[in-house]
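*Asks:*
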Amino acid sequence: MEVLKEKVEEEEAAEREEAAERGEKTMRPLEVRKEETFLTQEMLRDLEKKVSEIEVAAPRRPSSITKDTVDISKLPLSYQSNTLKEEQLLQVADNFSRQYSHLCPDRVPLFLHPLNECEVPKFVSTTIRPTLMPYPELYNWDSCAQFVADFLSVVPLSDPLKPPSHLFSSTTVLKYQKGNCFDFSTLLCSMLIGSGYDAYCVNGYGSQDLCHMDLTREVCPLTIMPRKAVEEKEMAPPKKYSIKPPRDLSSRFEQEQEMKKQEEIRAEEKRQLKEEEAHLKHALHRCQTNIYSRDDRSYEMKMEGWPGEKDLVFDLGDPVRWEYLLLGTDKSHLAMTEEDDDGLNDDDDIENLGKEEEDKSFDMPHSWVEQIEISPEAFETRCPNGKKVIQYRKAKVEKWSPYLNSNGLVCRLSTYEDLECTKILEIKEWYQNREDMLELKHINKITGLNIDYFKPGHPQALRGKKITERFFRNPAKPADEDVAERVFLIPEERIQLRYHCRDDHITASKREFLRRTEVDNKGNKIIMTPDMCISFEVEPMEHTKKLLYQYEAMMQLKNEEKLSKHQAWESELEVLEILKLREEEEEAHTLTISIYDTKRNEKSKEYREAMERVMHEEHLRQVEAQLDYLAPFLAQLPPGEKLTRWQAVRLKDECLNDFKQRLIDKANLIQARFEKETQELQKKQQWYQENQVTLTTEDEDLYLSYCSQAMFRIRILEQRLNRHKELAPLKYLALEEKLYKDPRLVEYLKVFV
Numbered sequence: 001m002e003v004l005k006e007k008v009e010e011e012e013a014a015e016r017e018e019a020a021e022r023g024e025k026t027m028r029p030l031e032v033r034k035e036e037t038f039l040t041q042e043m044l045r046d047l048e049k050k051v052s053e054i055e056v057a058a059p060r061r062p063s064s065i066t067k068d069t070v071d072i073s074k075l076p077l078s079y080q081s082n083t084l085k086e087e088q089l090l091q092v093a094d095n096f097s098r099q100y101s102h103l104c105p106d107r108v109p110l111f112l113h114p115l116n117e118c119e120v121p122k123f124v125s126t127t128i129r130p131t132l133m134p135y136p137e138l139y140n141w142d143s144c145a146q147f148v149a150d151f152l153s154v155v156p157l158s159d160p161l162k163p164p165s166h167l168f169s170s171t172t173v174l175k176y177q178k179g180n181c182f183d184f185s186t187l188l189c190s191m192l193i194g195s196g197y198d199a200y201c202v203n204g205y206g207s208q209d210l211c212h213m214d215l216t217r218e219v220c221p222l223t224i225m226p227r228k229a230v231e232e233k234e235m236a237p238p239k240k241y242s243i244k245p246p247r248d249l250s251s252r253f254e255q256e257q258e259m260k261k262q263e264e265i266r267a268e269e270k271r272q273l274k275e276e277e278a279h280l281k282h283a284l285h286r287c288q289t290n291i292y293s294r295d296d297r298s299y300e301m302k303m304e305g306w307p308g309e310k311d312l313v314f315d316l317g318d319p320v321r322w323e324y325l326l327l328g329t330d331k332s333h334l335a336m337t338e339e340d341d342d343g344l345n346d347d348d349d350i351e352n353l354g355k356e357e358e359d360k361s362f363d364m365p366h367s368w369v370e371q372i373e374i375s376p377e378a379f380e381t382r383c384p385n386g387k388k389v390i391q392y393r394k395a396k397v398e399k400w401s402p403y404l405n406s407n408g409l410v411c412r413l414s415t416y417e418d419l420e421c422t423k424i425l426e427i428k429e430w431y432q433n434r435e436d437m438l439e440l441k442h443i444n445k446i447t448g449l450n451i452d453y454f455k456p457g458h459p460q461a462l463r464g465k466k467i468t469e470r471f472f473r474n475p476a477k478p479a480d481e482d483v484a485e486r487v488f489l490i491p492e493e494r495i496q497l498r499y500h501c502r503d504d505h506i507t508a509s510k511r512e513f514l515r516r517t518e519v520d521n522k523g524n525k526i527i528m529t530p531d532m533c534i535s536f537e538v539e540p541m542e543h544t545k546k547l548l549y550q551y552e553a554m555m556q557l558k559n560e561e562k563l564s565k566h567q568a569w570e571s572e573l574e575v576l577e578i579l580k581l582r583e584e585e586e587e588a589h590t591l592t593i594s595i596y597d598t599k600r601n602e603k604s605k606e607y608r609e610a611m612e613r614v615m616h617e618e619h620l621r622q623v624e625a626q627l628d629y630l631a632p633f634l635a636q637l638p639p640g641e642k643l644t645r646w647q648a649v650r651l652k653d654e655c656l657n658d659f660k661q662r663l664i665d666k667a668n669l670i671q672a673r674f675e676k677e678t679q680e681l682q683k684k685q686q687w688y689q690e691n692q693v694t695l696t697t698e699d700e701d702l703y704l705s706y707c708s709q710a711m712f713r714i715r716i717l718e719q720r721l722n723r724h725k726e727l728a729p730l731k732y733l734a735l736e737e738k739l740y741k742d743p744r745l746v747e748y749l750k751v752f753v
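When we follow the UniProt record's numbering, the leftmost residue of the sequence shown carries the number 1, and every step to the right adds one.
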């Protein structure tokens, strides 16, 4: 800590010296102008008044989680106290911390056992709770990290140069959806370890932008276009009698000036980037060089070097650079050197090493944190309150959870011209669950051009203004001359033809015309050239290779293109209708709801509730019928007839006699099975006595096994029979008491009580 303060003081002193030097250089010009310009008292008062009216609004940040905001009465016992093993671990950590402070008095204190939400000290590694989430999106490290960044709101540390005094459980952090950099890393490490990653939390220093999740200096990833592989075009060998291409009349001087201008812009951006990096190096904040995770060797401490250096080596098996707090028994993460390998050749050394490790090893206690759970509703909502705004360099991203906006908007990207984000260049909006299949809106504020992108399945099947015509087979023409499909690519000035396929062929002929203007920029008439027609013919013919044939075909296609354009012009009415339909869809913006979304699908929800109600009523009816011991006897009476005293007594007697008979039948059934098993065992024993001399060892084993199983069944039947004889009278008396208290018979049986 002292070393860090000394570094900060030295940097501040150097900055003051540079400022003083700059002040001396600018003093002389100011002294020259001092006589020329001066401020009156009235000007000073006006300036003071204007300055006092300026109000600087401090940026709002989410409040941190404190012990007063957490209801600890509902937390489990493991949150409110420590086990014996946890207390032993805290003692080991205190001992290690004292040794570390004694050996390294100028180093920052270790982050070993912060307080949890119940003010109970917990070892940092036990705060990590490895959990595998039931969402496949969280199985990859990048999407898992993005989820944590979206789900939580960052709360800065109270002291940016010191670790926090409290480290809350991930369950509490997920409940309140906010936390500091230590809470972020603990939650992410728990989820990554649960997904199978070898993840660790690192405690050190980082830039202020990193610790506060400030992305205003970063380029928005949505604005980065994917790089496309540039294919080099092969230059065709020049022909001897080829026509010379038109001269390039563009100015080379203007091109060179434009290149210089672009280089100056790139150089200025690099300079600004270097200044920002230099500024960030002076503004180090605490972030999440101690390493801890959930394994036997759970805590590692950096022994040398300044935290945050770029050449930091994460070889935890290097005892010179790293020191572990707990001595584990396995060395799966350590790289064995040749000296260690040679030193393990003696048997005595191996035995002594095993004894020493056995004495010093300590089993890590289980995590005190409950299993991390994220409900499907919270996973779908994702952002706090369903919305999150992220500010990038010259861009702003707004995210919403599905179905939060009535128009299905889930993401909006706004790009700006300036760093202050005041002049909008373009807006991109992404939609989900739209009934009109709208997926993306691209609004260009400069040109005023709005482009809507749809998923497949729109009723109007909207596509680009490309004219495509398809024709049936004309038997009067050969297949190679009968056009099957004709496409006019108007912006690209191309015409594509695909002919019908012959019956005995599997491929069809194709031809493409590169349509050009009839005259060039100088007014000269352009002549038909071979490169203006690209063709593939299944069976080439001589007349189709001639330029005259190709020229006449292209002229005919031009006339047909004009006719197609006229037909397209006539379809403007249809386009206007489509635009009107789009306006109605924008106003309605109806969203589609999946049948599996039982929360939002009202019809499915009502049907499910009705089915559950019917099933519940049926279940109650069946239970009532099973428990109604008078139901079989009441069914014999005429429906709607009122009971008489004689009928009530007869129902009671019939019910008791029936129950008595069932008890007797059950006893007889058990007795019959008991006697049958006994007789079969006696027959088997008699058979053994008669054939004992001729039996093999296998036969004797089978006989002993049968006797053992038979004796077991006989004992069970005997116990059931004895228990039935004991409980039968009690069951009979209990039923008789229920009948006397039955509300349907109680009025008629009062005399007999």
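Beta carbons are placed, not taken as given, at the ideal position from N, Cα and C, and that holds for glycine.
Does the segment 193–204 come into contact with the segment 392–401, if we say contact requires no fewer than three beta-carbon pairs (one atom in each stretch) closer than 8 Å?
*Replies:* At 8 Å Cβ cutoff, the stretches do not touch.
*Asks:* Mapping the DSSP letters down to three states, classify PRO164 as helix, strand or coil.
*Replies:* Three-state DSSP puts PRO164 in coil, outside helix and strand.
*Asks:* List the DSSP bridge partners of VAL649.
*Replies:* VAL649 is not bridged to any residue.
*Asks:* Have a look at ASP330 and ASP318 and give me their C-alpha separation to the nearest angstrom.
*Replies:* Unreliable positioning characterises ASP330 in this predicted model, as indicated by a pLDDT of 46, which lies under 50. A coordinate reading is not provided.
*Asks:* Based on DSSP bridge pairs, tell me the residues matched to GLY179.
*Replies:* According to DSSP, GLY179 bridges with VAL154.
*Asks:* Out of curiosity, what's the CA-to-CA distance linking LYS260 and PHE123?
*Replies:* Going by the C-alpha atoms only, they are around 59 Å apart.
*Asks:* Say whether the segment 424–438 touches the segment 585–597, bearing in mind that this needs 3 or more beta-carbon pairs closer than 8 Å, one atom from each stretch.
*Replies:* The segment 424–438, when compared against the segment 585–597, does touch it at the 8 Å Cβ threshold.
*Asks:* Give the DSSP-derived three-state secondary structure of GLY204 in the structure shown.
*Replies:* Three-state result, GLY204: strand.
*Asks:* Identify whether ALA484 lies in helix, strand or coil by the three-state DSSP scheme.
*Replies:* Strand at ALA484.
*Asks:* What is the DSSP secondary structure of PRO29, reduced to helix, strand or coil?
*Replies:* At PRO29 the pLDDT is 39, less than 50, meaning the model places this residue with poor confidence and gives no usable figure here.
*Asks:* When burial is assigned at 16 or more other CB atoms within 10 Å of the CB, is TRP368 buried or exposed?
*Replies:* Buried: at least 16 other Cβ atoms inside 10 Å.
*Asks:* Contact between the segment 500–508 and the segment 538–556: three or more CB pairs below 8 Å?
*Replies:* Contact holds: three or more Cβ-Cβ distances are below 8 Å.
*Asks:* Nearest-angstrom Cα distance between MET611 and THR69?
*Replies:* The alpha-carbon atoms of MET611 and THR69 are separated by roughly 42 Å.
*Asks:* Are there 16 or more other CB atoms within 10 angstroms of the CB of GLN371, so buried, or fewer, so exposed?
*Replies:* By the 10 Å Cβ count, GLN371 comes out exposed.
*Asks:* Closest to VAL487 by C-alpha separation, out of TYR607, ASN450, LEU557 and ALA479, would be which residue?
*Replies:* It is LEU557 whose Cα lies nearest to the Cα of VAL487.
*Asks:* So GLU218 and TYR392 are in contact, right, with Cβ under 8 Å, and what is the actual spacing, rounded?
*Replies:* Sure, about 6 Å apart at Cβ, within 8 Å.
*Asks:* Which runs of the alpha helix (DSSP H) spanning at least 4 residues fall entirely within the segment 540–595, listed in chain order?
*Replies:* The segment 540–595 contains these whole alpha helix (DSSP H) runs: 542–545, 547–570 and 572–588.
*Asks:* Check this for me: beta carbons of GLU677 and LEU704, under 9 Å apart or not?
*Replies:* No, these two residues do not count as a Cβ contact at 9 Å.
*Asks:* As a quick exercise: from MET133, VAL397 and GLY386, pick the residue whose alpha carbon is nearest that of GLU426.
*Replies:* When only C-alpha atoms are compared, the closest one is VAL397.
*Asks:* Comparing C-alpha positions only, which one of SER170, TYR139 and LYS394 sits nearest to ARG129?
*Replies:* The residue with the shortest Cα to Cα distance from ARG129 is SER170.
*Asks:* Would you mind reading off the limits of the alpha helix (DSSP H) that contains VAL92?
*Replies:* Its alpha helix (DSSP H) spans residues 84–103.
*Asks:* If you draw a straight line from the alpha carbon of CYS181 to that of GLN272, how long is it in whole angstroms?
*Replies:* Going by the C-alpha atoms only, they are around 28 Å apart.
*Asks:* Give me the Cβ distance between ALA648 and LEU733, rounded to the nearest whole Å; I'm assuming they're in contact under 8 Å.
*Replies:* Not really, about 19 Å apart at Cβ, beyond 8 Å.
*Asks:* Using 8 Å as the cut-off, can you tell me whether the segment 99–113 makes contact with the segment 148–158, which would need three or more C-beta pairs spanning the two stretches below that distance?
*Replies:* Too few Cβ pairs lie closer than 8 Å, so no.
*Asks:* State the Cα-Cα distance for the pair CYS655 and LYS725, rounded to the nearest angstrom.
*Replies:* If I take the Cα positions, the gap works out to 20 Å.
*Asks:* Along the chain, where does the alpha helix (DSSP H) that runs through LEU735 open and close?
*Replies:* Element bounds for LEU735: 697–741.
*Asks:* Return the first residue and the last residue of the beta strand (DSSP E) that ALA395 is part of.
*Replies:* Here the beta strand (DSSP E) through ALA395 covers 395–400.
*Asks:* Assuming the contact rule is C-beta atoms closer than 8 Å, LEU110 and SER97 should be a hit. Round their C-beta distance to whole Å, please.
*Replies:* Contact holds; Cβ gap of about 5 Å.
*Asks:* Taking a contact to mean a Cβ-Cβ separation below 9 Å, would you say LEU167 touches ASP150 in this structure?
*Replies:* It is not a contact, given that the beta carbons lie outside the stated cut-off.
*Asks:* By alpha-carbon positions, which one of ILE467, MET711 and TYR607 ends up nearest to GLU561?
*Replies:* Selected option, being the one with the closest Cα: ILE467.
*Asks:* Assuming THR131 and MET191 are in contact, meaning their beta carbons sit under 8 Å apart, how far apart are those beta carbons, in whole angstroms?
*Replies:* Going by Cβ atoms, the distance from THR131 to MET191 rounds to 6 Å, so yes, they are a contact pair.
*Asks:* Can you tell me the Cα-Cα spacing of GLU606 and TYR453, whole angstroms?
*Replies:* Their backbone Cα atoms lie some 35 Å apart in a straight line.
*Asks:* For PHE633, which residues from the same chain have a beta carbon less than 7 Å from its beta carbon, with the 5 sequence-adjacent residues on both sides left out?
*Replies:* Cβ neighbours of PHE633 beyond the five flanking positions: LEU651, GLU654 and CYS655.
*Asks:* Helix or strand or just coil, what does DSSP make of PRO246?
*Replies:* Coil at PRO246, not helix or strand.
*Asks:* Nearest to LYS445 by CA position, among GLU439, LYS455 and THR422, is which residue?
*Replies:* Among GLU439, LYS455 and THR422, the Cα nearest to that of LYS445 belongs to THR422.
*Asks:* Quick one: what does DSSP say PRO121 is sitting in, helix, strand or coil?
*Replies:* Residue state, collapsed to three classes: strand.
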